[in-house]
Every structure is written in structure tokens, then in C-alpha cells.
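Visitor: Sharing a structure, written as C-alpha cells. Questions coming.
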Amino acid sequence: MAQGNFALVPRLDGVAIEHQLAGEDHRAILLSQTLTKLEIARIRDWEGSPSKYLLCTLRRWIALHGGKSVQTEFALDATISNTPDRYSSEDINPARLYLTVDPESAGYIVIGPTLERLKRVHSRLPVTFYNLVLGAVNRCMRAYDYRDASERVEMWREWAEGEGGPDQYEIPDVESCIPAEMKQEPLKAGDLRELVGRMQNDDLRRLIEEAVRLDRISGRLQRPEISEETREAFMDSNPPLPALLVSFKRNDSISGCFEEEGQALLEVSPEPSFIVEIDPENAGSVQEAFDALAVLCETMAATSRLAALLPGNKEEG
Amino acid sequence: MRRRSRKPKITREAALAELALMAEGRHPECNTITGRFIRDPELQQASKILHDAIQGESYRQPRSDITPAPPAWLLPA
Numbered sequence: 016m017a018q019g020n021f022a023l024v025p026r027l028d029g030v031a032i033e034h035q036l037a038g039e040d041h042r043a044i045l046l047s048q049t050l051t052k053l054e055i056a057r058i059r060d061w062e063g064s065p066s067k068y069l070l071c072t073l074r075r076w077i078a079l080h081g082g083k084s085v086q087t088e089f090a091l092d093a094t095i096s097n098t099p100d101r102y103s104s105e106d107i108n109p110a111r112l113y114l115t116v117d118p119e120s121a122g123y124i125v126i127g128p129t130l131e132r133l134k135r136v137h138s139r140l141p142v143t144f145y146n147l148v149l150g151a152v153n154r155c156m157r158a159y160d161y162r163d164a165s166e167r168v169e170m171w172r173e174w175a176e177g178e179g180g181p182d183q184y185e186i187p188d189v190e191s192c193i194p195a196e197m198k199q200e201p202l203k204a205g206d207l208r209e210l211v212g213r214m215q216n217d218d219l220r221r222l223i224e225e226a227v228r229l230d231r232i233s234g235r236l237q238r239p240e241i242s243e244e245t246r247e248a249f250m251d252s253n254p255p256l257p258a259l260l261v262s263f264k265r266n267d268s269i270s271g272c273f274e275e276e277g278q279a280l281l282e283v284s285p286e287p288s289f290i291v292e293i294d295p296e297n298a299g300s301v302q303e304a305f306d307a308l309a310v311l312c313e314t315m316a317a318t319s320r321l322a323a324l325l326p327g328n329k330e331e332g
Numbered sequence: 023m024r025r026r027s028r029k030p031k032i033t034r035e036a037a038l039a040e041l042a043l044m045a046e047g048r049h050p051e052c053n054t055i056t057g058r059f060i061r062d063p064e065l066q067q068a069s070k071i072l073h074d075a076i077q078g079e080s081y082r083q084p085r086s087d088i089t090p091a092p093p094a095w096l097l098p099a
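Residue numbers (my numbering), protein chains in the order written: chain U, 16 to 332; chain W, 23 to 99.
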């Protein structure tokens, strides 16, 4: 073609100079096929683009499982991606997709006034209620509570020991925020049922029933095991971002610790709050992932509904 | 009066057939020049070799030494 010491390229007459194509990932095509076969995706959402189809399916699935209720208390973000880490573009396994859910901000529950009322019914009812609610949420997403704050305070104390002693620093007093009833043994399921049957106060009985329901919903979660390869990708990551903050009083030391910790939460990229690996060709794997997402949404929706019933939760000050 | 949706109804079989064509790379969208390029590692490799060769040549030769191109030929950028 070219002769001598120069390079020439033939002019491409009649050929467009620039081509654009939104490339469809092969995995998105396979997942679209599987979701269609499983009837999780709805044919009327198909417009010729697998990625748009997946987005529609994901949105519809969330809406079907209480998305609207979830939004009243939580700001969560669900994604299907070819990388497990939303802060990195590294494609660690070309055959796999990842369903992740992360909070954009944390919901806030002030639980103290509820515990105060429950204490009047039975001294072990507050800790029983607290464990039911927090246990249910923690199965799906991370909730930040007095235990995280106490751990943080312990860390600050250890650090202060080597820097002139804890007296030199203003360390929040988390211990004094924790109601004494929280140190009691929770009631067993049978005892709780019996107590609820005898309860005179309809509002409090409803609260307990909702907490038991929440625990039951969340207990359905079967989160598939994460592979070693994916776990390795998060070896140096921060803990997951909390989706919920629970304190006993508004703006107490627990929320103070949360604020303080929040400053550094994104200094290193965090682990996803919820992650399920998907083999897009495998119907079992896809069904498992979408079932897990459904339970997560229903749990967070039930938590939102319960939060709206808690006395004093939404009061200012 | 409500307007009727003009979107044609697609069947499950038709959507699955379209997805199967996409998965196999036989969908019309896969046969555009960029569609073929995205799917073909040899095309990508060939274009990289060509790009590197042109780049290397432009570093080796000062710009003024390049013989002016005849009309109808396009110099590499």
C-alpha cells in the first residue's frame, strides 16, 4: 500500500467517521434470558435492550416487595453489576454478575420512648422487642446501635491510653445512655406469646406483633454463600455502611458516635451491605438472588412500617 | 378519551428468540461495524497493532519528514 519512508491510510469514503454503540454485556443478555424464562421479568418491559430490561425488572421486583414502604424510612440503592465493588471497575470474574444493595444514607429510629412503655408491661419486654427488631434488620443490612458505639468508645479509650490518658479527651459516655432493662435476659418465644395474649394495651400489643412479624419475614432470608474470590476483593475494605441508626434518645451519645464515625466511613471503600453473586445462566442462582432481594425489601418495608408506629420516634428535640 | 398505546405487543417467544440471537452474536445489531468490533478480539488486536505502528512511526519521524499525502489519502492523526 504505502511506499517509501512514510505511512498512509486509505480514505474511508462514504464510511461514517464516528461509530457509537452502547455495548451490551454478554452476561446481561444471559440474565435477561433467565429472568424471562423464570417469569421474574415481564415481557411488556422488553424494548430490545437487555440492560434496560434488567433495570425495569429490578425496579418492578423491588416495587412488588414493598419498595414504596422501604422509601419512607430508607434510601437504598440496588444494583446488578459486573463488579462486586461499586467503587472499582475491576471485573474479577467474566462469568458472574453481582446483585448489591447499599444505603445512600441511614434511617433513624429513636427507640427509648417505646422501651419505656414496654417496661411498664414487663421488665424483660424492652430487650425482647429490641432484639427482635435489630436482629431482623441486621440479617439483611447493617444497623448501627449502642453496641457499635460502645466498641468505638473502647477503641478511643485504648488510643487515648497511649496519648496522655482518657481524661485528656472528651470521650462520649455511651454506657449511661443504655437503659438498665437492656441488660435483662430476653423472653423466650413461648413466654412472649403468652404475655402478648394477656396484654391490655392494644397499641403496645400491635408493636410486639409487628416486631414478631418483622423477625419472621427477615428469618426467611437465605443469603447464598459468597465465593472466596469475591471475599478477597473486600479484604482491605471498611465495614458495610449502616442502613439504620438506632439510639435511645434523639441526639444522645450513640448518635454522636455515629456522626463521628460517619466522617471516616468512606475514607476506604466499604464492603457492600448486601451482596449476592449471580451465575446469569443458572436459573437456580438467579432465582436465589431475586428471592433474597425480595426478603430484604420486605424486611426493610416492615421495619419502615414499624418505625412509623413507635411512640416518640418522629418527635423533634 | 384515553389514547391507545401504539406499542406493538411482543410475545415471550419473540423476546426469547431476540435474546438468543444476541447471545449468539447473530442479532442485526451485532453485525454493525462496531458490533463486530466489540465481539471480535482479532479485529481489536489488528486495530491495536495498526494504531501502535502509526503512533511509533510518528514518534520516530519528525512531522516535516512525512511526505505530503496525495489527494484522496488521509494522513494518520
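Ideal placement from N, C-alpha and C gives every residue a C-beta, glycine not left out.
(1) Are the CB atoms of Q199 (chain U) and V136 (chain U) within a distance shorter than 8 Å?
(2) For L114 (chain U), tell me which candidate among U:E54, U:N146, U:G327, U:D306 has the shortest Cα-Cα distance.
(3) If contact means a Cβ-Cβ distance below 7 Å, which residues of the stretch 45 to 57 of chain U contact chain W?
(4) Check L91 (chain U) in the structure and name its three-state DSSP category.
(5) Is the closest heavy atom of the ligand GDP to the C-beta of E64 (chain W) under 7 Å?
(6) Skipping 5 residues on each side, what residues in its chain have a beta carbon closer than 7 Å to that of S319 (chain U)?
(7) Consider the Cβ of P326 (chain U): report whether some Cβ of chain W lies at a distance smaller than 8 Å.
(8) Do V283 (chain U) and N253 (chain U) have their C-beta atoms closer together than 8 Å?
(9) Between A248 (chain U) and D100 (chain U), is the Cβ-Cβ spacing less than 8 Å?
(10) Thinking C-alpha only, which one of U:E274, U:R238, U:L259 is nearest E303 (chain U)?
(11) Tell me where the alpha helix (DSSP H) around V168 (chain U) begins and ends.
(12) On the DSSP bridge list, what partners appear for L259 (chain U)?
(13) Give a yes or no on whether the minimum CB-CB distance between G63 (chain U) and chain W is below 8 Å.
(14) Quick one: which chain U residues come within Cβ less than 8 Å of E64 (chain W)?
(15) Taking all protein chains shown into account, decide if D160 (chain U) is buried (16 or more other Cβ within 10 angstroms of its Cβ) or exposed.
(16) Quick one: using the 10 Å Cβ neighbour count with 16 as the cut-off for buried, is L259 (chain U) buried or exposed?
(17) Please classify S191 (chain U): does DSSP put it in a helix, a strand, or coil?
(18) List the whole-angstrom C-beta distance separating L41 (chain W) from S66 (chain U), where the pair is believed to meet the contact cut-off of C-beta under 8 Å.
(19) Would a check of beta-carbon distances place L36 (chain U) closer than 8 Å to chain W?
(20) Report buried or exposed for E244 (chain U), applying the criterion of at least 16 other Cβ atoms within 10 angstroms of its Cβ.
(21) Any idea what DSSP makes of E286 (chain U), helix, strand or coil?
(22) Should G327 (chain U) be flagged as near chain B, meaning a C-beta pair shorter than 8 Å?
(23) Y68 (chain U) by DSSP, collapsed to three states: which one?
(24) For R34 (chain W), would you say it is in contact with chain U, using Cβ-to-Cβ distances shorter than 8 Å as the test?
(25) Per DSSP, what kind of secondary structure is D100 (chain U) in: helix, strand or coil?
(26) Going straight from the alpha carbon of Q67 (chain W) to that of R42 (chain U), what length do you get?
(27) Does chain U have any CB closer than 8 Å to the CB of A37 (chain W)?
(28) A195 (chain U) to K52 (chain U), Cα distance in whole Å?
(29) Just how far apart, CA to CA, sit A45 (chain W) and D60 (chain U)?
(30) Three or more C-beta pairs under 8 Å: does that hold for the stretch 172 to 191 of chain U against the stretch 255 to 269 of chain U?
Guide: Taking the coordinates as given:
(1) no
(2) U:D306
(3) Residues L45, S47, Q48, T51.
(4) Correct three-state label for L91 (chain U): strand.
(5) With respect to the ligand GDP, the structure offers nothing, as it holds no ligand at all.
(6) These residues qualify, in order along the chain: S84, V85, T87, E88, F89.
(7) no
(8) yes
(9) yes
(10) Residue U:R238 is the option with its Cα nearest to E303 (chain U).
(11) 161 to 176
(12) Its beta-bridge partners are U:G122, U:A158.
(13) Yes, its Cβ sits closer than 8 Å to a Cβ of chain W.
(14) Under the 8 Å cutoff, chain U gives no residues; its nearest Cβ is about 17 Å from E64 (chain W).
(15) buried
(16) buried
(17) helix
(18) In fact, because the Cβ distance is near 12 Å, the residues do not count as touching under 8 Å.
(19) Since pLDDT at L36 (chain U) reaches only 47, below the 50 mark, its modelled position is unreliable, and no value is offered.
(20) exposed
(21) coil
(22) The chain inventory of the structure shown lacks chain B, comprising the protein chains U and W.
(23) DSSP places Y68 (chain U) in helix when its eight states are reduced to three.
(24) yes
(25) coil
(26) 23 Å
(27) True, the Cβ-Cβ gap to chain U drops below 8 Å.
(28) 54 Å
(29) Distance between the alpha carbons of A45 (chain W) and D60 (chain U): 19 Å.
(30) yes
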